[in-house]
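Visitor: Residue numbers (the working numbering): 2 to 158.
Dropping the structure here:
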């Protein structure tokens, strides 16, 4: 995930431009601009698709849907991506840096993943994170449900 210019956590994203050959190509362009990730080195495919949701916003009438993809990478690739992020076109403006998601719960039952869920997420980024963790098999639905139950944000909804 990344820390955005508005102090919220989110994922790389943007508008798929007319010149983009596909949704995957547009996302690849956004990954390069916001994360410094070369889409030729880390290509997305339709198999990396997690979800799509209809989207309506009066200030962004050209945006019709939100598409979310998850790309599996190794720990060494994560380090490389984090190091390259500072060279991204939008680093320091739109994107302020990478944030690793703690995929554990500490013995107190709250710190770690449940506490992370209490951060300020943009739009549906929290839901996208939870869905991707289940769909990719990183966490089970039971683990997610347990963390959500403990997280304070769920008590305010």
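All residues carry an ideal CB built from backbone N, CA and C; glycine is no exception.
Predicted model, so just to flag it, every value in this text is computed and none were measured.
(1) I want to know whether the region 113-129 touches the region 18-25 - three or more CB-CB distances under 8 Å.
(2) Name the one or two DSSP bridge partners that residue 52 has.
(3) Can you give me the Cβ contacts of residue 96 inside the same chain, cut-off strictly under 8 Å, excluding the 5 residues immediately before and after it?
(4) Identify whether residue 27 lies in helix, strand or coil by the three-state DSSP scheme.
(5) Roughly how many whole angstroms lie between the Cα atoms of residue 1 and residue 131?
(6) Counting only the same chain and skipping the five closest in sequence on each side, list residues whose C-beta sits under 8 Å from that of residue 94.
(7) Quick test of your reading: residue 83 and residue 99, contact by CB under 8 Å. State the CB separation rounded to the nearest angstrom.
(8) Is the beta carbon of residue 49 sitting closer than 9 Å to the one on residue 71?
(9) What's the call for residue 92, buried or exposed, on a 16-neighbour Cβ count within 10 Å?
(10) If you check the beta carbons only, do residue 129 and residue 52 fall under 9 Å apart?
(11) When the distance is taken between beta carbons, is residue 110 closer than 9 Å to residue 151?
(12) Going by C-alpha distance, which of 125, 147 and 59 is nearest residue 116?
Guide: Well, looking at it:
(1) no
(2) Numbered from 1 along the chain shown, position 51 holds the residue referred to as residue 52. Under DSSP, residue 52 shares a beta bridge with 69.
(3) Taking the first residue of the chain shown as 1, we reach residue 96 at position 95. These residues qualify, in order along the chain: 3, 4, 5, 6, 13, 35, 36, 86 and 89.
(4) Locating residue 27 in the chain shown gives position 26, where the first residue counts as 1. Three-state result, residue 27: helix.
(5) What is shown of the chain runs 2 to 158, which leaves residue 1 out entirely.
(6) Sequence index remark: in the chain shown, residue 94 carries index 93 (1-based). Cβ contact annotation for residue 94 (same chain, cutoff 8 Å, sequence separation greater than five): 6, in chain order.
(7) Position 82 of the chain shown, counting from 1, holds the residue named residue 83. Position 98 of the chain shown, counting from 1, holds the residue named residue 99. 5 Å between Cβ atoms; contact.
(8) The residue given as residue 49 occupies position 48 in the chain shown. The residue given as residue 71 occupies position 70 in the chain shown. Yes, they are a contact pair.
(9) For the purposes of this step, residue 92 is taken as residue 91 along the chain shown, with counting starting at 1. It counts as buried.
(10) Along the chain shown, one-based indexing puts residue 129 at 128. Along the chain shown, one-based indexing puts residue 52 at 51. It is a contact, given that the beta carbons lie within the stated cut-off.
(11) Against the chain shown, residue 151 aligns to sequence position 150. Against the chain shown, residue 110 aligns to sequence position 109. Against a cut-off of 9 Å, the Cβ pair of residue 110 and residue 151 comes out as a contact.
(12) As a working note, residue 116 is residue 115 in the chain shown. Here the closest residue by C-alpha is 147.
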